[in-house]
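Structure first, then comments.
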Amino acid sequence: MTLSFDPGRPDGENRSPLFAVSPDGTPELGRRYEIAARCGVAVRVQKGQLLEVQNTHGTQVCDFWAFCADEIQEYMSMEHVHTSLKSIFPKVGDSLVTNNRRTLMAIIEDTSPGIHDTIIASCDHQRYQQLGCTAYHDNCADNLRLAMIAVGLRAPAIPAPFNLWMNIPVGDDGAIQWVAPVSKPGDRMVFKAELDMIAVMSACPQDLTPVNGVDCDPLELHFLVKAM
Ligand SMILES: [Zn+2]
Numbered sequence: 005m006t007l008s009f010d011p012g013r014p015d016g017e018n019r020s021p022l023f024a025v026s027p028d029g030t031p032e033l034g035r036r037y038e039i040a041a042r043c044g045v046a047v048r049v050q051k052g053q054l055l056e057v058q059n060t061h062g063t064q065v066c067d068f069w070a071f072c073a074d075e076i077q078e079y080m081s082m083e084h085v086h087t088s089l090k091s092i093f094p095k096v097g098d099s100l101v102t103n104n105r106r107t108l109m110a111i112i113e114d115t116s117p118g119i120h121d122t123i124i125a126s127c128d129h130q131r132y133q134q135l136g137c138t139a140y141h142d143n144c145a146d147n148l149r150l151a152m153i154a155v156g157l158r159a160p161a162i163p164a165p166f167n168l169w170m171n172i173p174v175g176d177d178g179a180i181q182w183v184a185p186v187s188k189p190g191d192r193m194v195f196k197a198e199l200d201m202i203a204v205m206s207a208c209p210q211d212l213t214p215v216n217g218v219d220c221d222p223l224e225l226h227f228l229v230k231a232m
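Offset between the sequence shown (1-based) and our numbering: plus 4.
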């Protein structure tokens, strides 16, 4: 049987590779990097280092993934996080685990009201086609793939992302909605790596639903890696 779906292969191209922090993803500690609007960036974070993600404009969602540096097939898994936390809403003090149930990082700061999403898949080429796009549309899945290729890696899967600041209210009946973030300009989340990892962040290019604010205008984010 011939398999046609390669999760690491982009469906299109965008500017993400221009924003690679270095050839292998190793950052300059303390330097503030941009995640350009509609693009993705991969960065290596060593055990004990802190990763700070900044919602510069307050309305922008960040699709966030992390892969173990010593085993790329092991990555932060929202399904396993749900079990570990007995919740779909991670908060400060919580640990984020992998698909092998190891602790990959901890959330040590969140200046926003704490509304984030862990249940919605990242946007991808197929999602935009279903929303009526006929041409290629930037998407978070390709941002992940392109950001990893830009640092010499390949996405082994498109894991369910931790969607920072994404506001998906869940009703008592289980119904969900896509609404604007409640975060404010300058809000930040800080994660402490418990294992060496490759973090990937996508400034979600969704402009057909209001997940990136009611004006549906995707904007840039920023991040930095620093020592404890
Ligand atoms: Zn997206």
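Think of the CB as a built atom: it goes at the ideal place given N, C-alpha and C, for glycine as much as any other residue.
In angstroms with no decimal places, state the Cα-to-Cα distance between S81 and T102. Start at 1 with the first residue of the sequence shown, and residue 81 comes out as number 77. Start at 1 with the first residue of the sequence shown, and residue 102 comes out as number 98. Answer to the nearest angstrom: the Cα atoms are 5 Å apart.
Whole angstroms is fine: what's the gap from P27's alpha carbon to R48's? In the sequence shown, the residue the question calls residue 27 occupies position 23. In the sequence shown, the residue the question calls residue 48 occupies position 44. A direct Cα-Cα distance of roughly 11 Å separates P27 from R48.
Secondary structure of F23, DSSP reduced to three states: One-based indexing of the sequence shown puts residue 23 at position 19. Here F23 sits in helix by DSSP.
Could you tell me whether the Cβ atoms of I123 and A164 are closer together than 9 Å? The residue labelled residue 123 in the question sits at position 119 within the sequence shown. The residue labelled residue 164 in the question sits at position 160 within the sequence shown. Taking 9 Å as the Cβ cut-off, I123 and A164 qualify as a contacting pair.
Using 9 Å as the threshold, is the C-beta distance between I39 and F227 below it? For the purposes of this step, residue 39 is identified with residue 35 of the sequence shown, where counting begins at 1. For the purposes of this step, residue 227 is identified with residue 223 of the sequence shown, where counting begins at 1. F227 is positioned such that its CB atom lies closer than 9 Å to that of I39.
Can you tell me which of D121, A145 and G118 puts its alpha carbon nearest to the alpha carbon of Q130? Counting from 1 along the sequence shown, the entry for residue 130 is found at position 126. Cα-wise, what sits closest to Q130 is A145.
For S126, the nearest candidate out of P11, G29 and D98 (CA to CA): The count along the sequence shown starts at 1 and reaches residue 126 at position 122. The candidate whose alpha carbon is nearest that of S126 is P11.
Any residues whose CB sits closer than 5 Å to a heavy atom of ligand 1? List them in chain order? Listed along the chain, these residues meet the criterion: C127, C144, C208 and Q210.
So, under 8 Å CB-CB, V229 and P31 are touching, yes? Tell me the CB distance rounded to an integer number of Å. What you label residue 229 is simply residue 225 of the sequence shown in a count that begins at 1. What you label residue 31 is simply residue 27 of the sequence shown in a count that begins at 1. That pair is a contact at about 5 Å.
Please give me, in chain order, every unbroken run of the beta strand (DSSP E) with length at least 3 that falls completely inside the segment 146 to 209. Within the segment 146 to 209, the beta strand (DSSP E) runs of at least 3 residues that lie entirely inside it are, in chain order, 166 to 168, 191 to 197 and 201 to 207.
Q53: buried (16+ other C-beta within 10 angstroms of its C-beta) or exposed? In the sequence shown, counting from the first residue as 1, residue 53 sits at position 49. The residue is buried, with at least 16 neighbouring Cβ atoms inside 10 Å.
With a 10 Å radius around its C-beta and 16 neighbouring C-beta atoms as the bar for buried, classify V85 as buried or exposed. Position 81 of the sequence shown, counted from the start, is the residue given in the question as residue 85. Under this definition V85 is a buried residue.
Output the distance between the C-alpha atoms of E83 and I92, rounded to the nearest integer angstrom. Translated into positions along the sequence shown, residue 83 becomes position 79. Translated into positions along the sequence shown, residue 92 becomes position 88. Using only the alpha carbons, I get a separation of about 9 Å.
Roughly how many angstroms lie between the CA atoms of Y132 and V45, to the nearest whole one? Residue numbering aside, residue 132 sits at position 128 when the sequence shown is read from its first letter. Residue numbering aside, residue 45 sits at position 41 when the sequence shown is read from its first letter. When rounded, the distance between both Cα atoms is 21 Å.
Below 9 Å between beta carbons: does that hold for L199 and D74? By 1-based counting over the sequence shown, the position of residue 199 is 195. By 1-based counting over the sequence shown, the position of residue 74 is 70. Yes, these two residues count as a Cβ contact at 9 Å.
For the beta strand (DSSP E) containing T107, name the first residue and the last one. In the sequence shown, the residue the question calls residue 107 occupies position 103. First-last of the beta strand (DSSP E) with T107: T107 to D114.
Please go through the same chain and pick out, in chain order, the residues whose beta-carbon is closer than 6 Å to the beta-carbon of L237, but skip the five residues on each side of it. Past the edges of the chain, shown from 5 to 232, lies residue 237, and the structure says nothing about it.
Going by beta-carbon coordinates alone, are N59 and W169 separated by less than 9 Å? Along the sequence shown, read from residue 1 onward, the residue named residue 59 stands at position 55. Along the sequence shown, read from residue 1 onward, the residue named residue 169 stands at position 165. Yes, the Cβ-Cβ distance between N59 and W169 is below 9 Å.
Let me know the secondary structure DSSP gives V85 once reduced to three states. Position 81 of the sequence shown, counted from the start, is the residue given in the question as residue 85. Reduced to three states, the DSSP call for V85 is helix.
From D98 to I112, what does the alpha carbon distance come to, in whole angstroms? Mapped onto the sequence shown, residue 98 falls at position 94. Mapped onto the sequence shown, residue 112 falls at position 108. The straight-line gap separating the alpha-carbon atoms of D98 and I112 is approximately 8 Å.
By DSSP's criteria, T63 is part of a beta bridge. Which residues make up the other side? The residue given as residue 63 occupies position 59 in the sequence shown. DSSP lists no partner for T63.
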